[in-house]
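Q:
Number of protein chains: 2
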Amino acid sequence: MNELNEIYANFVVELRRGVSNLVVLSQCQQPTYGYQLVKNLAESGIPLEGNTVYPLLRRLEDQGLLRSDWDTSTDKPRKYYQITETGSQLLAQITSYWRDSVKNIESILEA
Amino acid sequence: MNELNEIYANFVVELRRGVSNLVVLSQCQQPTYGYQLVKNLAESGIPLEGNTVYPLLRRLEDQGLLRSDWDTSTDKPRKYYQITETGSQLLAQITSYWRDSVKNIESILEA
DNA sequence: ACATTATAGTGTATATCGCACAGTAATGCA
DNA sequence: TGCATTACTGTGCGATATACACTATAATGT
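Structure follows, in structure tokens:
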């Protein structure tokens, strides 16, 4: 017997999916590293775990939307990711798509 | 070029994911059938195709969030889905979650 | 007579997530 | 001093849900 909480949790997972692309790209307008993202996004109410963030960053880099540089100047080496020109273009597109969707969904919910 | 469009399309797919649960549950506050959902949602700017909607309706029914009745009184038999009490509770929860998320994401995008 | 609409469905490949786990170096604390 | 926790980056696997490409049937439009 499926418990309601389980179903709810799964809905939340699905809702968060895709949003991660959007918020990570957005955050990488400033050079950022994975662990920082995990912390910042949790504070911002969009908790993404490391096992989600690290593969995501690599995917985005593979797609040419981010680029990365290791900073080894401190004791804790950090891999900084930063958005590319291509990434910026895509970010603008999906931000626009996102806002349109939000409006559409809100009007469905209110109807 | 084509590559970017593909990436964009995939982002859109991921963003739409989960939203389908929300809008379908919401629409089923009035008894509705699959084909009508496909048409209505397309008009509302949330295009979901039959191969997405029909399995989704069945899942929601399996989870006890919707129930269905065949209407065979007309020449075209239609399977009407309607939200259950449990479904209504969950809809309220995920609607609330959705609106909170939207606020959080918007504030990340603006930062 | 032929195409399109209306209506419901399936099978398979693919993408991404969560959970669990691996691994190292610094820092806090008992 | 010794041990736990934090900081930091990752991997492997199973589960879920989507897109794409179909199957199927009956009515309606031209």
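Protein chains in written order, with the working numbering: chain A, 1 to 111; chain B, 1001 to 1111.
Idealized CB from N, CA, C, for every residue including glycine.
1) Ignore the nearest five residues each way along the sequence and tell me which others in B/Met1001's own chain have a CB closer than 8 Å to its CB.
2) Give the residues of chain B in contact with A/Tyr33, contact being defined as C-beta atoms less than 8 Å apart.
3) Locate the alpha helix (DSSP H) running through A/Arg78, then write down its first and last residues.
4) Could you tell me which whole alpha helix (DSSP H) segments of length 4 or greater appear in the stretch 1049-1105 of chain B?
5) Using a C-beta to C-beta distance shorter than 7 Å, which residues of chain B count as neighbours of A/Gln63?
6) Output yes if chain A places a C-beta closer than 8 Å to the C-beta of B/Ser1088; else output no.
7) 8 Å is my cut-off, CB to CB: does B/Tyr1054 come that close to chain A?
8) Whole angstroms is fine: what's the gap from A/Asp62's alpha carbon to A/Val23's?
9) Go through its chain and collect everything with a Cβ distance to A/Tyr81's Cβ below 8 Å, but skip five positions before and after it.
10) Spell out whether any CB of chain A is found under 8 Å from the CB atom of B/Met1001.
11) At the level of alpha carbons, what is the spacing between A/Pro77 and A/Thr52?
12) Less than 8 Å between the CB atoms is what I'm expecting for A/Trp98 and B/Leu1015, so what's the real figure, rounded?
13) Would B/Ser1107 pass as an interface residue toward chain A - the criterion being a Cβ-Cβ separation below 8 Å?
14) Taking C-beta pairs closer than 9 Å, name the residues in chain A that B/Ile1083 reaches, listed in chain order.
15) Give the range of the alpha helix (DSSP H) segment to which A/Leu7 is assigned.
16) Examine chain B for any beta-carbon lying closer than 8 Å to the beta-carbon of A/Leu48, and answer yes or no.
17) Per the DSSP calculation, A/Tyr33 is bridged to which residue(s)?
18) On the three-state DSSP scale, how would you describe B/Ile1108?
19) Report yes or no: is there a C-beta of chain A within less than 8 Å of the C-beta of B/Arg1017?
20) Would you please state the rounded distance, in angstroms, between the beta carbons of B/Ile1046 and A/Asn10? I believe it to be under 8 Å.
21) What number of angstroms, rounded off, separates the C-alpha of A/Leu37 from the C-alpha of A/Glu110?
22) Distance check for B/Thr1072 and B/Glu1106, CA to CA, integer angstroms please.
A: Quick answer:
1) In this prediction, B/Met1001 scores a pLDDT of 44, lower than 50, which makes its location untrustworthy; the coordinate-derived value is nonetheless stated afterwards. Result list for B/Met1001: empty, nothing under 8 Å.
2) Neighbours of A/Tyr33 on chain B: none; closest Cβ ~17 Å, over 8 Å.
3) Note, A/Arg78: premise wrong, no alpha helix (DSSP H); beta strand (DSSP E) at 78-83.
4) Positions of the alpha helix (DSSP H) runs, each at least 4 residues long and wholly inside the stretch 1049-1105 of chain B, are given as 1050-1062 in order along the chain.
5) Ile1007
6) no
7) no
8) 18 Å
9) Cβ within range, chain order: Cys28, Pro31, Thr32, Tyr33, Gly34, Leu57, Leu60, Glu61, Leu66, Arg67, Ser68.
10) Residue placement at B/Met1001 is flagged as unreliable, the pLDDT there being 44, under the threshold of 50; the coordinate-derived value follows with that caveat. Answer no: the Cβ-Cβ gap between B/Met1001 and chain A never drops below 8 Å.
11) Going by the C-alpha atoms only, they are around 20 Å apart.
12) 6 Å
13) yes
14) Going along chain A, no residue has its Cβ under 9 Å from B/Ile1083, so there is no contact; the nearest lies around 13 Å.
15) In the sequence as presented, Leu is not what sits at residue 7 of chain A; that position holds Ile. From DSSP, the alpha helix (DSSP H) with A/Ile7 extends over 4-16.
16) no
17) Residue pairing from DSSP places A/Tyr33 in a beta bridge opposite A/Tyr80.
18) helix
19) yes
20) Actually they are not in contact, since the Cβ atoms of B/Ile1046 and A/Asn10 sit about 20 Å apart, beyond 8 Å.
21) 34 Å
22) 46 Å
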